[in-house]
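A short write-up of the structure that comes next.
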Amino acid sequence: MLKGRKILITGATGEVARAIAESLAAANEVWAAARFTNAALRQRLEAQKIRTCTWTLGDDDFTGLPDDFDHVIHAACNIFPVANDYDASIRDNAEGTGLLMTHVRRAKSFLYVSSLAAYSEVPDNGTPRKETDPQGCHQRFAPSYGIGKTATEAVVRTLARIHRLPTLIGRLGMNYGIGCSGAPDFYFRDMMAGKPIVVPPRGVSYCSLVHNSDVVEWVEPLLAAASVPANIVNWTGDDWVDEREMVEFMARIARLSPKLVEDPKAGYYGGVADPTKRRAITGPARPWKQSFLEMLRANYPDHVFVDVD
Ligand SMILES: NC(=O)c1ccc[n+]([C@@H]2O[C@H](COP(=O)([O-])OP(=O)(O)OC[C@H]3O[C@@H](n4cnc5c(N)ncnc54)[C@H](OP(=O)(O)O)[C@@H]3O)[C@@H](O)[C@H]2O)c1
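Position one of the sequence shown corresponds to residue 1 (my numbering), numbered consecutively onward.
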């Protein structure tokens, strides 16, 4: 467990990085940088003695942000406001990350939270992608997102070498877990509300899941695996799942019978990753079915779920 370190976490009010910041806060000096568009989340972090600094990804103004961190976990990302503006996506995310890395270049390690969205679309998105596979994707939900990630990775790789800053680029899969509001939860909330669920047919949309508790626990080994040149690792669980199967599984353990509306274009987040490299660094991941049951029981305490068979 990391102790006594000075750690910067960008995007620490977000779905992924908040749990990381909160897990490290008791034993380390943790700094959170973001715009803090949600004041309540800032207060929540500060109540746990996390120091906060207002900063905008893409700006070269680092006023108030120290430059002597031991470790940096960079999760902030400008996605939806620049969804159709490739120039702005690259300026904010790629150039902004280069400016950040230069500011914190004395760190012992830098962990960049990338995404499986960096991989190119393939006809069969159930084929697991290796870290060296082709990139270049224009996701329906935010066309500039994948290109922004690829451009940022290139900047991260370059600055790791220029600054001799040990770096790991972690391509994150679909984050889920207790308290999380990712795609599994979006589906489940609609089921609970009795809404029809628009799903892809079986065999069309797969995703690599990663439990938020695994994300948190793997930060330390991933930081230890940072290197120059940057180490690139699929940051996903061991399982990948057909999105349709995921929906049907949640309905089954919740004893719900939602109306499923099939649409080949439906699906939140296509693409799966080969977790072999990550597993060698962190060990095995939590299995998704049992973890989904625990997540749903915690997130919906008033609903009765049946055990996984
Ligand atoms: N969630 C997933 O399943 C998933 C999957 C793959 C990859 N990822 C990657 O994981 C990272 C975190 O994702 P998330 O789901 O946690 O996102 P999120 O919940 O939307 O949080 C984004 C965080 O970034 C901050 N931020 C956004 N725009 C910013 C800007 N212009 N300047 C400074 N801070 C900014 C936000 O705070 P403010 O709005 O207050 O600035 C917030 O703290 C991202 O890099 C994302 O690409 C996530």
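Note that CB positions come from ideal geometry on N, CA and C, so glycine has one too. All figures in this text were calculated on a predicted structure; none of them were measured in a lab.
Following the DSSP letters along the chain, one finds R171 inside the beta strand (DSSP E) bounded by residues 167-172.
Straight across, the Cα-Cα distance linking I90 with I73 is about 19 Å.
A27 has its Cβ no nearer than 7 Å to any heavy atom of ligand 1. Listed in chain order, the alpha helix (DSSP H) elements of length 4 or more contained wholly in the region 178-255 are 183-192, 212-217, 219-224, 243-254. Burial check for V261: the Cβ neighbour count within 10 Å stays below 16, so the residue is exposed. Relative to ligand 1, the nearest heavy atom lies less than 7 Å away from the CB of F36. S115 has its alpha-carbon roughly 9 Å from the corresponding atom of I169. M250 and L209 do not touch by the CB rule: their CB atoms are close to 12 Å apart, not below 8 Å. Distance check between P287 and each of E15, G271, V272, G237 places G237 closest, using alpha-carbon atoms only. In the three-state DSSP reduction, G11 falls in the coil class, being neither helix nor strand. Here DSSP, grouped into helix, strand and coil, assigns Y119 to strand. The residues P200, S205, E243, in chain order, have a CB closer than 6 Å to that of G267 in the same chain once the five nearest residues on each side in sequence are set aside.
With fewer than 16 neighbouring CB atoms inside 10 Å of its own CB, D67 falls in the exposed class. Around the beta carbon of H211, 16 or more other beta carbons sit within 10 angstroms, so the residue counts as buried. If you ignore the 5 residues before and after W31, its C-beta comes within less than 8 Å of the C-beta of K6, I7, L8, I9, I50, R51, T52, C53, L65, P66, F69, all in its own chain and listed in chain order.
Annotation: L41 is outside any beta strand (DSSP E); the continuous alpha helix (DSSP H) that includes it extends over 39-46.
As summarised for the region 52-102, the continuous alpha helix (DSSP H) elements at least 4 residues long and confined to that stretch are 86-89, given in chain order. With a cut-off of 8 Å on Cβ pairs, the region 92-99 is in contact with the region 149-169, counting three or more such pairs. Going by beta carbons, I178 and A273 fall outside the 8 Å limit. Ranking E248, A280, A83, D59 by CA distance to the CA of A142 puts A83 first.
For the 8 Å CB-CB criterion, A183 and G146 do not form a contact. By the Cβ criterion, the region 225-239 is not in contact with the region 31-47, since fewer than three pairs of Cβ atoms, one from each stretch, lie closer than 8 Å. DSSP, read as helix, strand or coil, puts A273 in strand.
If you draw a straight line from the Cα of A40 to the Cα of P123, it comes to about 43 Å. A residue is called buried when at least 16 other Cβ atoms come within 10 angstroms of its Cβ; V306 does not meet this threshold and is exposed. Scanning A254, Y300, W218, G203 for the CA closest to the CA of D263 turns up G203. Judged by the Cβ position, T13 qualifies as a neighbour of ligand 1 at the 7 Å threshold, a heavy atom of the ligand being closer than this. With contacts defined by Cβ atoms closer than 8 Å, L222 and L45 do not form a contacting pair.
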